[in-house]
């Protein structure tokens, strides 16, 4: 069975699961069921099959599981949002379509991703520019005191989402070129291999950039995500664990320093350590997140069954604002805290399933990196997979109090156009690397058979 | 490079395992304590979607009911109390923002229809919405009204118990509050100096004055140290624990028997008797009456005060230095609740056996099945013989002593007055009456107390007790 046929068959259970999810929500909302859920499920399947055809034509050898896994997350995300608010789900579905279009466009027009290497400094500049955009007066917006989004009239987007791809492309190219130099001249001090001081330069620059992000964007989550991906890539490029150890130490010292100097970051730390100290005020979000998860238990309350809005009360929303931006018991149930809603409704098992899907995507991503032949492809696949996996860890970790809460989206599930679109572009790059690598493997195997 | 990529994947798996571990902890292992966290309003929000059962009075009239608001998924139920302030303190309230207190809190499980896990799941499968049970209380609306009218705005409390079953027929604390006003006026209720939310019947620690002599008499007779004819001097003043003690108005009595000493409430006689009995015997009998422990009322523990001798918040025992002579006449650092003194009267009335007090009497589930109260014995306080001797002595208090204002026409009443001096110079007293009727076959036992009055137990408290007992006995006769 060819890779593409596998992909096609894998999409069928995905579409069935999404249909079942819609059915469950509709039953709970006790609206007229009719064949609405089959219509939604069918529409979803049609979109996926159309995208599948694009992949079949352009990337016949690409990994067969990545697209179905991502489609499952995205479909599940729309179901969860549909459960929260129909309007949100409609927006998200539109962005899903836009994401598929950009995904296809990337595959079709970017014939060979190697050209990215040529424009690496331009791309790096674009990435840094995107990151700083929210600080620009007039268009920058703050969410919980962090500068995360840009407001352009009707359109509001989070440039971090696109910036992460740019930064990873640049690092992959840069590290691929410099990796040999970075290893040369390492000294062994007390059993630890220490790179020469001059090669700590790039490390210091990226560390500095992460700290600047922490100060300017004031978001520990994005900072952790970018710096973590960088460490992952430098480790793969140089095979020197010492870079990681030194880098992590520097990051934590810096984070600790700013946690004690920037009020907003410090508050996040205090809430993380004890959300119940001020459960009605500062710790409200995290405390409510934990209460929602406790409410779910092992199997959850069922899709559409959890308590998300104060029942039977007049809306307290100011004019122009509506649920879930206000009136929600658990704040931001559609973005930051969607994982808590999932655990509330589908229980520990539902939460574990989501984490498992991210694990499988990470596994396929790293597998792609292993199969890739050249250094740039390997590093690019590693970086894209690592930053994607870290993003999921940072937000779920914040919601479950593993780490302080920060405002990044849950990839493919959270409400938000920039997140969906950017992650589909990320997936397109990953599949292009995969296609190239697996084609080579297939050709080699065919050659072996022939001889 | 491939080796490093594999290691990187292992790191991701470890990080994700952490997520799984933490999710398991919150969702499963720590969920009980999270659900009990006071900041967690989810349980209350969910409960308000349940049609909470009515609370009924003894005659079946409605004390509390739920009214729906909104419709469909948004429908919630809000508590209404048709009789307003009449049952304010014993019943309490149940609102999402202000929480629950009193009977509403103590009987929450029945009122929301909380069954075993298995039955709940079964109901859900059958599509039944969870509906609460009705709970009937033992409270008698007429007796409540008589108590409120009797107190007439004076701060104080009334408790009436059925001696044979422990059922609470009346429990009133003045000033009370209208539970319907709790959502609007909660913070004002909490800060008002008269403390309307404070249930004086169960939470207030008052000096009991001479009503304590009933406890002393029980110890004296039942221990065998005294009989009703035992004599002591009633001279005044008399030195007790090194300080002179006087009778009311410094009245002089000669060597008199116990009955005379109780009828006229002779302080010096009873203080000497208390010293003769000693701390250990006195405290043993107080224990039997239910002192030195939380009352066993079906009521939230934080709304029940312990009666006993206190130093600050510490309950004293026989190992502590206690002026037991003054405890015997209701002075010293003795603090008692009106509920406790009603239990003292009820124990004497019930031939020496104390029943556990109960506010509920019946639970009626949505299908009409009823579960009735099975009265529980708390302790045998004294022998039947002691009880009958005390009964007669207490009758003479009402017939010819300090408690004549509690007398009912055609019905023998047994009782004891008490007047604890709070501030002699300002003429401020804590007035008490405890008693029961009919004396030969007691149907009701009461304790009445009035705070900071210039009157006496016999003039202020006894008439209220009379009115409450009369109301209850008239109904019984219908």
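Protein chains in written order, with my numbering: chain Y, 2 to 452; chain Z, 13 to 490. Ideal placement from N, C-alpha and C gives every residue a C-beta, glycine not left out.
query: Rounded straight-line distance, which links the Cα of residue 115 of chain Z to that of residue 279 of chain Y; result: 30 Å
query: C-beta neighbour in chain Y for residue 64 of chain Z, strict 8 Å; result: no
query: Simplified DSSP state of residue 217 of chain Z, which is helix, strand or coil; result: coil
query: Min CB distance residue 57 of chain Z to chain Y below 8 Å; result: yes
query: Proximal residues of chain Z, C-beta to C-beta of residue 370 of chain Y below 7 Å; result: 17
query: Bridge partners - residue 367 of chain Z, DSSP secondary structure assignment; result: Z/389
query: Minimum Cβ-Cβ distance from residue 427 of chain Y to chain Z less than 8 Å; result: no
query: Chain Z residues whose Cβ lies nearer than 9 Å to that of residue 379 of chain Y; result: 13, 14, 17
query: Nearest to residue 359 of chain Y (by Cα), restricted to the options Y/376, Y/347, Y/341, Y/388; result: Y/388
query: Span of the beta strand (DSSP E) around residue 149 of chain Z; result: 146 to 149
query: Contact set between residue 47 of chain Z and chain Y, taken where Cβ atoms lie within less than 8 Å; result: 292, 295, 296
query: Test: residue 236 of chain Y CB closer than 8 Å to a CB of chain Z; result: yes
query: Test: residue 281 of chain Y CB closer than 8 Å to a CB of chain Z; result: yes
query: Supposed contact pair residue 373 of chain Z and residue 149 of chain Z - C-beta distance, whole angstroms, cut 8 Å; result: 7 Å
query: Continuous beta strand (DSSP E) stretch holding residue 442 of chain Z: start and end; result: 440 to 449
query: Short-range partners of chain Y found in the stretch 24 to 37 of chain Z, where Cβ spacing is below 7 Å; result: 24, 25, 27, 28, 30, 31, 32, 34, 35, 36
query: Short CB-CB distance (under 8 Å) between residue 229 of chain Z and chain Y; result: no
query: Where the beta strand (DSSP E) through residue 183 of chain Z begins and ends; result: 180 to 186
query: Beta-carbon gap between residue 164 of chain Z and residue 170 of chain Z smaller than 8 Å; result: no
query: Any C-beta of chain Y under 8 Å from that of residue 43 of chain Z; result: yes
query: is_contact[residue 192 of chain Z, chain Y] using C-beta, thresh 8 Å; result: no
query: Presumed contact (8 Å Cβ cut-off) between residue 352 of chain Z and residue 303 of chain Z, rounded CB distance; result: 6 Å
query: Rounded C-alpha distance that separates residue 400 of chain Y from residue 44 of chain Y; result: 32 Å
query: Distance CB(residue 289 of chain Z)-CB(residue 237 of chain Z) smaller than 8 Å; result: yes
query: Under 8 Å between C-beta atoms of residue 337 of chain Z and residue 287 of chain Z; result: yes
query: Minimum Cβ-Cβ distance from residue 41 of chain Y to chain Z less than 8 Å; result: no
query: Backbone secondary structure at residue 491 of chain Z - three-state DSSP; result: What the structure shows of chain Z is the stretch from 13 to 490, and residue 491 of chain Z is not part of that stretch, so it cannot be assessed.
query: Cβ of residue 39 of chain Z within 8 Å of any chain Y Cβ; result: yes
query: Where residue 112 of chain Z falls, given that 16 or more other Cβ within 10 Å makes a residue buried; result: buried
query: Test: residue 317 of chain Z CB closer than 8 Å to a CB of chain Y; result: no
query: Unbroken alpha helix (DSSP H) run spanning residue 381 of chain Z, endpoints; result: Careful: residue 381 of chain Z lies outside any alpha helix (DSSP H) and carries neither H nor E.
query: Any chain Y beta carbon closer than 8 Å to residue 91 of chain Z; result: no
query: The stretch 240 to 257 of chain Z touching the stretch 187 to 195 of chain Z, judged by at least three CB pairs closer than 8 Å; result: no
query: Under 7 Å (Cβ pairs) to chain Y, residues found in the stretch 204 to 217 of chain Z; result: none
query: Residues of its chain near residue 490 of chain Z, where Cβ-Cβ distance is below 6 Å and the 5 sequence neighbours each way are ignored; result: Confidence at residue 490 of chain Z is low in this model, with a pLDDT of 44, below 50, so the placement of that residue should be treated as unreliable; the coordinate-derived value is given next. So no residue of the chain qualifies.
query: Per-residue burial, residue 229 of chain Y [other beta carbons within 10 Å of its own, 16 or more giving buried]; result: buried
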